[in-house]
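Order-wise, the sequence lines are chains E and U.
Take the first sequence: its position 26, counted from the start at 1, is 179 in the working numbering, and no numbers get skipped.
Take the second sequence: its position 12, counted from the start at 1, is 165 in the working numbering, and no numbers get skipped.
All residues carry an ideal CB built from backbone N, CA and C; glycine is no exception.
The structure under discussion appears below in the form of structure tokens.
There are 2 protein chains.
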Amino acid sequence: MEKVNLAQKLSLFNDYYNPRIVGELNNQHVKLVKLKGEFVWHSHEVEDELFLVIKGTLRMELRDKTIHINEGEFLVVPRGVEHKPVADEETHILLFEPATTLNTGDVENELTRKQLEKL
Amino acid sequence: MEKVNLAQKLSLFNDYYNPRIVGELNNQHVKLVKLKGEFVWHSHEVEDELFLVIKGTLRMELRDKTIHINEGEFLVVPRGVEHKPVADEETHILLFEPATTLNTGDVENELTRKQLEKL
Chain E
154 MEKVNLAQKL SLFNDYYNPR IVGELNNQHV KLVKLKGEFV WHSHEVEDEL
204 FLVIKGTLRM ELRDKTIHIN EGEFLVVPRG VEHKPVADEE THILLFEPAT
254 TLNTGDVENE LTRKQLEKL
Chain U
154 MEKVNLAQKL SLFNDYYNPR IVGELNNQHV KLVKLKGEFV WHSHEVEDEL
204 FLVIKGTLRM ELRDKTIHIN EGEFLVVPRG VEHKPVADEE THILLFEPAT
254 TLNTGDVENE LTRKQLEKL
């Protein structure tokens, strides 16, 4: 059993939209991801997804509104809800979601990451 | 769907070892709790528990060692592992754990909180 330091783990990678697994519990994963620019519209059929902003601002576009999530804030996107993460500046996010969650949900394209690195 | 600001939620209560629910997803709860002083030795039979330190230092006593968890760090305590949280100064924690988790686990005493407030 070892503690995890978020800043130390974040220092280990620099690419965007490529989540790393930094914790596992109750069949859920704790992931860290760096964002910059636009992701893709997608939804997750059976997984609710938590986005906690560690640094920067995450602009979560939904079909009916946009939510700006700042450092120290989180948003839960329920299963089935279409969303598109956007970050104008580099933004660091902690994700909490079931181990089954695929980053692009119901969409598969060049951004899809099937095998995530564990840090 | 609304974002949650951790500092704003933490400003709504001042008692210790009384977790509040601030988010729900995938049958898991996101809780906030303020600690000061010693909690009790306990374990959770079927729940792994994540402690993310928002402010202060959490001293997690285990039977074979003690782990100091500082701001920006988290620890996962697996099910079945006895632990005793201690905070010398006021410390703020984000908990992530199954909705079934009782704060004192297998122990029931005056610190047990069966009905948690949702903020």
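Candidates the options: closest to residue i by CA position
i                      : options                    : result
residue 225 of chain U : U:246, U:175, U:186        : U:246
residue 205 of chain E : E:161, E:188, E:252, E:269 : E:188
residue 269 of chain E : E:215, E:172, E:179, E:180 : E:172
residue 195 of chain U : U:267, U:265, U:258, U:178 : U:258
residue 229 of chain E : E:217, E:203, E:192        : E:203
residue 179 of chain U : E:197, E:216, E:222        : E:197
residue 158 of chain E : U:191, U:166, U:190, U:207 : U:207
residue 193 of chain U : U:176, U:212, U:242        : U:212
residue 242 of chain U : U:223, U:254, U:256, U:233 : U:223
residue 287 of chain E : E:217, E:190, E:155        : Absent from the model: residue 287 of chain E. The displayed extent of chain E is 154 to 272, so no value can be given.
Contact set for residue i: own chain, Cβ-Cβ below 6 Å, skip 5 residues either direction
i                      : result
residue 231 of chain U : 201
residue 250 of chain E : 200, 202
residue 216 of chain U : 235
residue 156 of chain U : none
residue 154 of chain E : none
Residue i to residue j span [Cα, whole Å]
i                      : j                      : result
residue 219 of chain E : residue 199 of chain U : 38 Å
residue 184 of chain U : residue 264 of chain E : 32 Å
residue 160 of chain U : residue 267 of chain U : 24 Å
residue 239 of chain E : residue 174 of chain E : 21 Å
residue 227 of chain E : residue 261 of chain U : 32 Å
residue 170 of chain E : residue 234 of chain E : 19 Å
residue 256 of chain E : residue 237 of chain U : 36 Å
residue 168 of chain E : residue 177 of chain E : 22 Å
residue 244 of chain U : residue 214 of chain U : 15 Å
residue 254 of chain U : residue 254 of chain E : 23 Å
Min CB distance residue i to chain U below 7 Å
i                      : result
residue 240 of chain E : no
residue 171 of chain E : no
residue 179 of chain E : yes
residue 165 of chain E : no
residue 201 of chain E : yes
residue 174 of chain E : no
residue 271 of chain E : no
residue 237 of chain E : no
residue 156 of chain E : yes
CB contact below 7 Å: residue i versus chain E
i                      : result
residue 251 of chain U : yes
residue 246 of chain U : no
residue 301 of chain U : Missing from the structure shown is residue 301 of chain U; chain U here goes from 154 to 272 and no further.
residue 259 of chain U : no
residue 159 of chain U : yes
residue 263 of chain U : no
7 Å CB neighbourhood of residue i in its chain, flanking five on each side removed
i                      : result
residue 181 of chain E : 249, 250, 251, 252
residue 165 of chain U : 272
residue 116 of chain E : Only positions 154 to 272 of chain E appear in the structure, and residue 116 of chain E is not among them; the question remains open.
Beta-carbon contacts of residue i that lie in its chain and below 8 Å, excluding the five residues immediately before and after
i                      : result
residue 162 of chain E : 173, 175, 185, 272
Near-chain U residues of the region 209 to 235 of chain E (beta-carbon distance less than 9 Å), N- to C-terminal order: Only 213, 215, 218, 220, 221, 222, 223, 225, 226, 227, 228, 229, 230, 231, 232, 234 from the region 209 to 235 of chain E bring a Cβ to less than 9 Å from some Cβ of chain U.
Residues, ordered as in the chain, of the region 184 to 197 of chain U that lie near chain E by beta-carbon distance below 8 Å: Answer in chain order: no residues at all.
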